[in-house]
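Peer 1: My questions all concern the structure below.
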Amino acid sequence: MIAVLPPAVSGERFEFPSRAGPLSVYVAGAGAPLLLVHSINASASAAEMRPLHEHYRATRTVFSIDLPGYGFSDRSDRDYTPRLMTDAIHAVVAQIQLRCGPAPIDALALSLSSEFLARAATEAPGSYRSLALVSPTGFAGLQARRGAPGSTRGLPWLHRALRGPGALWGAALFRGLTRPGVVRYFLRRTWGSKDIDEALWRYDVLTTRRPGAEHAPLHFLSAGLFSADIHTVYEQLETPVWMSHGVRGDFTDYRGKVIVEGRPNWQFSVFPTGALPYFEVLDKFCADCDRFLAAAQGTAVR
């Protein structure tokens, strides 16, 4: 039985065609636009942005996208790549500027989607006033990631195996990874605690029951959504950047941020949390974010 998927966050949900396929976006509030981009995993969706979406709708026009392969966006069987995800971000920014005007926007992305947002900002720097990267990938360890432009860390043989005859292996793996208890297990590893957000867990389980839910995650599992040139991309950013992360759970290795620590446009915050700090310390997270946004606005004015 196909689960009925409710809205992930409040406000209007609109859909539009794009180079990345049909996309779904939530919009709420009034004021300067703020784009929120969820992470990539087996059960991702705009629900990961809920605390920030609901907080900032009081002062901003908040747009929360369902990336290709997730939520209400197109989940068809196709290649899910950094290029596809970056094109989706370009497309939603164009929609934001149609609705709110052509001024540069502020944008925030979580985990692997930080790579897509950073790439979008290097390709269209005039579209962004600031970038906030929460628990971004690409900074684990000290190995340089300066591959050929646009290259990925994908393992084609693994994806072929997962999508083999009848796609039975991949379908079975996805079903195993999205059992309610397994979803809870991975959220606890993300939090570094048993005290996860129960509403997020419930939505995560529901969204994995939609047709086509396995396609993007199988590309993620075979590393096809990780950029091999991401250090070059991060180093090319000239927009003000705020990077934040926690100290608990599976995502705590950020030694690689030494490549950007000395750059004047980068700022950093570390929270005593897991990888989704705004679920745990929303007030502190937003206070740091607001200071960054205010400073970025001053920079943009000058």
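My numbering puts the first residue of the sequence shown at 15, with every later residue one more than the last. Glycine included, each C-beta is placed from N, C-alpha and C at the ideal position.
So, serine 87 versus serine 38, is the Cβ gap smaller than 8 Å?
Peer 2: The residue given as residue 87 occupies position 73 in the sequence shown. The residue given as residue 38 occupies position 24 in the sequence shown. Yes; because the gap between Cβ atoms is below 8 Å, this pair is in contact.
Peer 1: Using three-state DSSP, classify glutamate 68 as helix, strand or coil.
Peer 2: Here residue 68 refers to the residue found at position 54 when the sequence shown is read from its first residue. In this structure, glutamate 68 counts as helix in the three-state DSSP scheme.
Peer 1: If threonine 166 and glycine 238 are in contact, beta carbons under 8 Å, what's the gap, nearest whole angstrom?
Peer 2: Within the sequence shown, the letter at position 152 stands for residue 166. Within the sequence shown, the letter at position 224 stands for residue 238. The pair is a contact, with the Cβ atoms about 6 Å apart (cut-off 8 Å).
Peer 1: Does the contact criterion of 3 or more C-beta pairs under 8 Å hold for the region 250–264 versus the region 224–242?
Peer 2: Output reads no: the region 224–242 does not touch the region 250–264.
Peer 1: Quick one: give me the first and last residue of the beta strand (DSSP E) that histidine 259 is part of.
Peer 2: Counting from one through the sequence shown, the residue named residue 259 turns up at place 245. 255–259 is the extent of the beta strand (DSSP E) around histidine 259.
Peer 1: Can you give me the Cβ contacts of serine 53 inside the same chain, cut-off strictly under 7 Å, excluding the 5 residues immediately before and after it?
Peer 2: Your numbering for residue 53 matches position 39 in the sequence shown. The answer, listed in chain order, is Glu62, Leu124, Ser125, Leu126 and Ser127.
Peer 1: Among all the DSSP beta bridges, which residues are the ones paired with glutamine 281?
Peer 2: Locating residue 281 in the sequence shown gives position 267, counting from the first residue. Note: glutamine 281 sits in a beta bridge opposite Trp256.
Peer 1: Just to check my reading of the structure: proline 65 and isoleucine 119 have Cβ atoms closer than 8 Å, yes? What is that Cβ distance to the nearest angstrom?
Peer 2: Here the question's residue 65 lines up with position 51 in the sequence shown. Here the question's residue 119 lines up with position 105 in the sequence shown. Actually they are not in contact, since the Cβ atoms of proline 65 and isoleucine 119 sit about 20 Å apart, beyond 8 Å.
Peer 1: Measure the C-alpha to C-alpha separation of cysteine 300 and glycine 155 and round it to an integer number of angstroms.
Peer 2: Position 286 of the sequence shown, counting from 1, holds the residue named residue 300. Position 141 of the sequence shown, counting from 1, holds the residue named residue 155. Approximately 28 Å, taken between the alpha carbons.
Peer 1: For glycine 190, is the classification buried or exposed, using 16 other Cβ atoms within 10 angstroms of its Cβ as the cut-off for buried?
Peer 2: For the purposes of this step, residue 190 is identified with residue 176 of the sequence shown, where counting begins at 1. Result: exposed.
Peer 1: Pair every Cβ in the region 91–111 with every Cβ in the region 215–225, then say whether three or more of these pairs are closer than 8 Å.
Peer 2: In short, these stretches do not touch, since the Cβ pair count stays below three.
Peer 1: Below 6 Å CB to CB, which residues in the same chain sit around tryptophan 280 once its five sequence neighbours on both sides are set aside?
Peer 2: For the purposes of this step, residue 280 is identified with residue 266 of the sequence shown, where counting begins at 1. Excluding positions up to five away in sequence, the list reads Val255 and Val274.
Peer 1: In terms of residues, what are the limits of the alpha helix (DSSP H) holding leucine 126?
Peer 2: By one-based count along the sequence shown, residue 126 stands at place 112. Run containing leucine 126: none; DSSP gives neither H nor E here.
Peer 1: Assuming methionine 257 contacts phenylalanine 282 under a Cβ cut-off of 8 Å, what Cβ separation, rounded to an integer in Å, is found between them?
Peer 2: The sequence position of residue 257 within the sequence shown is 243, counting from 1. The sequence position of residue 282 within the sequence shown is 268, counting from 1. Rounded, the Cβ-Cβ distance is 5 Å, consistent with contact.
Peer 1: Span of the alpha helix (DSSP H) holding arginine 113?
Peer 2: As a position in the sequence shown, residue 113 is number 99, starting the count at 1. Its alpha helix (DSSP H) spans residues 96–114.
Peer 1: Looking at alanine 60 and valine 23, is the spacing between their C-beta atoms short of 8 Å?
Peer 2: Indexing the sequence shown from 1 puts residue 23 at position 9. Indexing the sequence shown from 1 puts residue 60 at position 46. A contact, by the Cβ cut-off of 8 Å.
Peer 1: Are any of the Cβ atoms in chain C nearer than 8 Å to that of histidine 259?
Peer 2: Checking the listed chains, one finds no chain C in this structure; it contains a single protein chain.
Peer 1: Within the continuous alpha helix (DSSP H) that includes arginine 203, where are the two ends?
Peer 2: In the sequence shown, residue 203 corresponds to position 189, counting from 1. That run of the alpha helix (DSSP H) goes 194–205.
Peer 1: Return the bridge partner residues of alanine 42 from the DSSP annotation.
Peer 2: Sequence index remark: in the sequence shown, residue 42 carries index 28 (1-based). Per DSSP, Val76.
Peer 1: How big is the Cα-Cα spacing for leucine 122 and phenylalanine 265?
Peer 2: If you number the sequence shown from 1, residue 122 lands on position 108. If you number the sequence shown from 1, residue 265 lands on position 251. Distance between the alpha carbons of leucine 122 and phenylalanine 265: 18 Å.
Peer 1: On the three-state DSSP scale, how would you describe alanine 121?
Peer 2: Position 107 of the sequence shown holds residue 121. Strand at alanine 121.
Peer 1: Does DSSP put tyrosine 84 in a helix, in a strand, or in coil?
Peer 2: Position 70 of the sequence shown, counting from 1, holds the residue named residue 84. Coil, per DSSP.
Peer 1: Between the C-alpha atoms of histidine 69 and arginine 27, what's the straight-line distance to the nearest angstrom?
Peer 2: Taking the first residue of the sequence shown as 1, we reach residue 69 at position 55. Taking the first residue of the sequence shown as 1, we reach residue 27 at position 13. Rounded to the nearest angstrom, the two C-alpha atoms are 17 Å apart.
Peer 1: Of the choices Leu251, Phe153, Phe285 and Asp93, whose alpha-carbon is the least far from that of tyrosine 268?
Peer 2: For this step, residue 268 is matched to residue 254 along the sequence shown. If we check each option's Cα against that of tyrosine 268, Phe153 comes out closest.
Peer 1: Could you give the DSSP three-state label for threonine 221: helix, strand or coil?
Peer 2: The residue labelled residue 221 in the question sits at position 207 within the sequence shown. Correct three-state label for threonine 221: helix.
Peer 1: In whole angstroms, give me the CA-to-CA distance for glutamate 252 and proline 139.
Peer 2: Your numbering for residue 252 matches position 238 in the sequence shown. Your numbering for residue 139 matches position 125 in the sequence shown. Straight-line Cα distance between these residues: approximately 8 Å.
Peer 1: Here's the rule: buried if 16 or more other CB atoms are within 10 angstroms of the residue's CB, otherwise exposed. What is threonine 204?
Peer 2: Against the sequence shown, residue 204 aligns to sequence position 190. Per the 10 Å Cβ criterion, buried.
Peer 1: From proline 231 to phenylalanine 188, what does the alpha carbon distance come to, in whole angstroms?
Peer 2: Sequence index remark: in the sequence shown, residue 231 carries index 217 (1-based). Sequence index remark: in the sequence shown, residue 188 carries index 174 (1-based). So the alpha carbons of these two residues sit roughly 8 Å apart.
Peer 1: What are the residues that DSSP puts in a beta bridge with serine 241?
Peer 2: Mapped onto the sequence shown, residue 241 falls at position 227. Answer is Thr166, bridged to serine 241.
Peer 1: Less than 8 Å between the CB atoms is what I'm expecting for alanine 58 and tyrosine 40, so what's the real figure, rounded?
Peer 2: Residue numbering aside, residue 58 sits at position 44 when the sequence shown is read from its first letter. Residue numbering aside, residue 40 sits at position 26 when the sequence shown is read from its first letter. About 15 Å; that fails the 8 Å criterion.
Peer 1: Which of the three DSSP states is assigned to phenylalanine 28 in this structure?
Peer 2: As a first step, residue 28 is located in the sequence shown; it is residue number 14 there, counting from the start. Here phenylalanine 28 sits in strand by DSSP.
Peer 1: So, at 7 Å on beta carbons, what are the nonlocal neighbours of arginine 202 in its own chain, with the 5 sequence-adjacent residues on each side left out?
Peer 2: Along the sequence shown, read from residue 1 onward, the residue named residue 202 stands at position 188. Once the five neighbours on either side are set aside, the close Cβ partners of arginine 202 are Lys208 and Ile210.
Peer 1: DSSP puts serine 144 in a beta bridge; with which residues?
Peer 2: As a working note, residue 144 is residue 130 in the sequence shown. Serine 144 pairs with Asp120.
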